[in-house]
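Numbering (our numbering), first residue to last: 159 to 426.
Have a look at this one:
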């Protein structure tokens, strides 16, 4: 009986190791695919973050950085930086007899930067809640609909209304562009996920559009952005989601687990 239990434990360990190896291989392929797509669509990794002002320099030199890329969208150079890190979470037990559970979670933060001008003040655009919209106090623009929907955080006494032009307000109200902030003359669009083939260029286009609106320039032409989108749709990558080795490893792990269960049942 003890031998059967040991066999089952060993099978679970083998299955866990196989699953870990398969997941690591899939992640490496996914990253290789993403970087290949980025390179073939005008992004470059040959960028020195230290040559840029904060917050770009700080983000690019962080040990959490997975990659930093740059591409020109319209008249703007857009910088994409991806952070990934692991946090330990302690979940308290439900009862007096249950011990706390410790688990690790992986977090991502992807930011798109565009250099503007230090003459543009620091500000952060946040969406109001329904209650906040009714009880709004900070009316930054004088546009009732915009001020009811968004809240602008900035230093007291700083004039920001002139930068929130009607075109920019319209883009935000129609959700053409997401929330954004400005720090040290740098526009930042932040997303709590990883960059992918599907969202890389779309978010860069949105960043370029906000930057153009803030600088009083024309946003990227529709022909240019449409061409970028078409190139993404038409692109065919050389990798597959699953390779034969993935399936073979999965079958071996599953086979070991099934064999151990059969052994345990037959030796009761």
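For each residue, glycine too, the CB sits at the ideal point set by N, CA and C. These numbers were taken from a predicted model, which means no experiment stands behind them.
Margin query: Could you compute how far the alpha carbon of residue 236 sits from the alpha carbon of residue 361?
Written below: In the chain shown, the residue the question calls residue 236 occupies position 78. In the chain shown, the residue the question calls residue 361 occupies position 203. Residue 236 and residue 361: Cα-Cα distance of roughly 10 Å.
Check: Are the segment 180-199 and the segment 242-253 in contact at 8 Å, needing three or more beta carbon pairs?
Finding: no
Item checked: For residue 397, the three-state DSSP class (helix, strand or coil) -> Here residue 397 refers to the residue found at position 239 of the chain shown. Unreliable positioning characterises residue 397 in this predicted model, as indicated by a pLDDT of 48, which lies under 50. The coordinate reading is nonetheless provided below. If DSSP states are grouped into helix, strand and coil, residue 397 belongs with coil.
Check: What residue ranges within the segment 201-231 form continuous beta strand (DSSP E) runs of no fewer than 3 residues, ordered along the chain?
Finding: Annotation note: the segment 201-231 contains the following uninterrupted beta strand (DSSP E) runs of length 3 or greater, listed N- to C-terminal: 223-231.
Notebook entry, point to check: What's the C-alpha gap between residue 334 and residue 328?
Noted result: Locating residue 334 in the chain shown gives position 176, counting from the first residue. Locating residue 328 in the chain shown gives position 170, counting from the first residue. Answer to the nearest angstrom: the Cα atoms are 8 Å apart.
Margin query: What would DSSP say about residue 359, mapped onto helix, strand or coil?
Written below: Within the chain shown, residue 359 is the residue found at index 201, counting from 1. Assignment of residue 359 by DSSP, reduced to helix, strand and coil, places it in the helix class.
Margin query: Along the chain, where does the beta strand (DSSP E) containing residue 337 start, and where does it finish?
Written below: Residue mapping note: residue 337 aligns to position 179 of the chain shown, counting from 1. Taken as a continuous stretch (DSSP letters only), residue 337 belongs to no beta strand (DSSP E), as it is neither H nor E.
Margin query: Counting beta carbon pairs with one atom in the segment 223-239 and one in the segment 365-374, are three or more of them shorter than 8 Å?
Written below: yes
Check: Would the beta-carbon of residue 226 fall within 8 Å of that of residue 250?
Finding: Counting from 1 along the chain shown, the entry for residue 226 is found at position 68. Counting from 1 along the chain shown, the entry for residue 250 is found at position 92. Going by C-beta atoms, residue 226 is not nearer than 8 Å to residue 250.
Notebook entry, point to check: Can you name the residues that DSSP bridges to residue 242?
Noted result: Position 84 of the chain shown, counted from the start, is the residue given in the question as residue 242. DSSP, once it has assigned bridges, lists 266 as partnering residue 242.
Notebook entry, point to check: Helix or strand or just coil, what does DSSP make of residue 323?
Noted result: One-based indexing of the chain shown puts residue 323 at position 165. In the structure shown, residue 323 adopts coil according to DSSP, grouped into three states.
Notebook entry, point to check: If we ignore side chains and look at the alpha-carbon of each, how far apart do residue 314 and residue 252 end up?
Noted result: Taking the first residue of the chain shown as position 1, residue 314 is located at position 156. Taking the first residue of the chain shown as position 1, residue 252 is located at position 94. Put simply, the backbone Cα of residue 314 is about 46 Å away from that of residue 252.
Next item on the list: Return the bridge partner residues of residue 183 from the DSSP annotation.
Entry: As a first step, residue 183 is located in the chain shown; it is residue number 25 there, counting from the start. Looking at the DSSP assignment, residue 183 forms no beta bridge with any residue, so it has no partner.
Notebook entry, point to check: Secondary structure at residue 272, three-state DSSP: helix, strand or coil?
Noted result: For the purposes of this step, residue 272 is taken as the residue at position 114 of the chain shown. Strand, per DSSP.
Next item on the list: Could you have a look at residue 352 and say whether DSSP puts it in helix, strand or coil?
Entry: Along the chain shown, read from residue 1 onward, the residue named residue 352 stands at position 194. It is coil, neither helix nor strand.
Item checked: Backbone CA spacing between residue 323 and residue 372 [nearest angstrom] -> Along the chain shown, read from residue 1 onward, the residue named residue 323 stands at position 165. Along the chain shown, read from residue 1 onward, the residue named residue 372 stands at position 214. Taking the straight line joining both Cα atoms gives about 8 Å.
Margin query: Rounding to the nearest angstrom, what Cα-Cα distance links residue 276 and residue 259 in this structure?
Written below: For the purposes of this step, residue 276 is taken as the residue at position 118 of the chain shown. For the purposes of this step, residue 259 is taken as the residue at position 101 of the chain shown. Spanning the two alpha carbons is a distance of roughly 47 Å.
Margin query: Using 8 Å as the threshold, is the C-beta distance between residue 268 and residue 349 below it?
Written below: Working through the chain shown from its first residue, we reach residue 268 at position 110. Working through the chain shown from its first residue, we reach residue 349 at position 191. Contact flag set, yes.
Check: What's the gap between the Cα of residue 266 and the Cα of residue 352?
Finding: Working through the chain shown from its first residue, we reach residue 266 at position 108. Working through the chain shown from its first residue, we reach residue 352 at position 194. Whole-angstrom Cα-Cα distance: 6 Å.
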